[in-house]
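K.L.:
Quick one: the structure is below, questions incoming.
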Amino acid sequence: MLHGFDSSILEFRLLLPLLATQNETWAVDLLGFGFTQRQKEINYSPNTIKIHLYNFWKTLINRPIILVGASMGGATAIDFTLTYPQIVKSLILINSLGYTSSPIFTKYLFPPFDFLAVEYLRQRHILALNICSILPNLDTKILLAIQCAMLHQEMPGWNDAMISYVKSGGYSELANTIAQVDKPTLILWGETDDILPSEDAEKFQQSIVNSQLILLKNCGHAPQIEQSQITSQHILHFLNSGKF
Numbered sequence: 001m002l003h004g005f006d007s008s009i010l011e012f013r014l015l016l017p018l019l020a021t022q023n024e025t026w027a028v029d030l031l032g033f034g035f036t037q038r039q040k041e042i043n044y045s046p047n048t049i050k051i052h053l054y055n056f057w058k059t060l061i062n063r064p065i066i067l068v069g070a071s072m073g074g075a076t077a078i079d080f081t082l083t084y085p086q087i088v089k090s091l092i093l094i095n096s097l098g099y100t101s102s103p104i105f106t107k108y109l110f111p112p113f114d115f116l117a118v119e120y121l122r123q124r125h126i127l128a129l130n131i132c133s134i135l136p137n138l139d140t141k142i143l144l145a146i147q148c149a150m151l152h153q154e155m156p157g158w159n160d161a162m163i164s165y166v167k168s169g170g171y172s173e174l175a176n177t178i179a180q181v182d183k184p185t186l187i188l189w190g191e192t193d194d195i196l197p198s199e200d201a202e203k204f205q206q207s208i209v210n211s212q213l214i215l216l217k218n219c220g221h222a223p224q225i226e227q228s229q230i231t232s233q234h235i236l237h238f239l240n241s242g243k244f
């Protein structure tokens, strides 16, 4: 399972145990994200992420897999599948990045604007945590979710790695290759996603020949957190269908 942008394996803390009851399940921190070591000499980009993921697979798994990718992790999963088709049996995309990308000007940010753009990601979490901390009768799960979303930002080199990735352009060129995916694909999409529009889900379904789209009602950008039980049921049904 591959997490989203500026995130970590902790976003699968609810989903992973549900899937692991029936299948060997791995959650991976992508290079430059999560709790991976950040090294200054590395240019963090989709290509280096893919190479790191391949070496993780080769070292610890080394057999065909089913890739689950959420948000940016979905783009990583598609890119990995197109490069190593012999490794991937099928795809599961959860509110995947692919058709909506970051503004192109982010590639050309220079100091101090690159630092400020990345620091905004940290500050919005701090603001949300401070606001939620003073709200009466707030569900503690919300506080926990915000805290989990912030932990990896304390890793040494977080700022530099994020700046490097953003300036690489990310997966802005992926849309032109999505139609090349020929693996059985399950597309799960929270209907109320305010980050990636539901129109993107329909584009994925139209582009990937052997795909199935399931829209999740009353669910936003992160079904793996917001509706982990329902999400796991759809994934397990797909895995047990034997269509791949």
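Quick note on our numbering: the sequence shown kicks off at 1 and runs consecutively.
The beta-carbon is built from N, C-alpha and C at its ideal position, and this holds for glycine as well.
Let me know if glutamine 227 comes out buried or exposed under the rule of 16 or more other beta-carbons within 10 Å of its beta-carbon.
P.N.:
Glutamine 227 comes out buried.
K.L.:
Between the C-alpha atoms of proline 223 and isoleucine 142, what's the straight-line distance to the nearest angstrom?
P.N.:
Cα-Cα distance, rounded: 15 Å.
K.L.:
CB-CB under 6 Å to threonine 106, same chain, minus the five flanking residues each way: which ones, in chain order?
P.N.:
In this prediction, threonine 106 scores a pLDDT of 48, lower than 50, which makes its location untrustworthy; the coordinate-derived value is nonetheless stated afterwards. Within the same chain, threonine 106 has close Cβ partners Val166.
K.L.:
Which value, in whole angstroms, describes the spacing of the CA atoms of phenylalanine 5 and serine 71?
P.N.:
Rounded to whole angstroms, phenylalanine 5 to serine 71 spans 7 Å at the Cα level.
K.L.:
Could I get the ranges of all uninterrupted beta strand (DSSP E) runs contained in the region 132-219, with 3 residues as the minimum, in chain order?
P.N.:
Qualifying beta strand (DSSP E) stretches, in chain order: 185-190 and 211-216.
K.L.:
What does the Cβ neighbour count give for threonine 100, buried or exposed, with the cut at 16 atoms within 10 Å?
P.N.:
So threonine 100 counts as exposed.
K.L.:
Which two residues bound the contiguous beta strand (DSSP E) that contains glycine 69?
P.N.:
Unbroken beta strand (DSSP E) run through glycine 69: 65-70.
K.L.:
Using only CA atoms, which one of Arg122, Val181 and Asp160 lies nearest to threonine 83?
P.N.:
Ranking Arg122, Val181 and Asp160 by Cα distance to threonine 83 puts Val181 first.
K.L.:
If you compare alpha carbons, which of Asn137, His234 and His52 is closest to leucine 19?
P.N.:
The shortest C-alpha separation from leucine 19 is found at His234.
K.L.:
Below 8 Å on the Cβ atoms is my guess for proline 46 versus glycine 170; work out the distance and round it to an integer in Å.
P.N.:
7 Å between Cβ atoms; contact.
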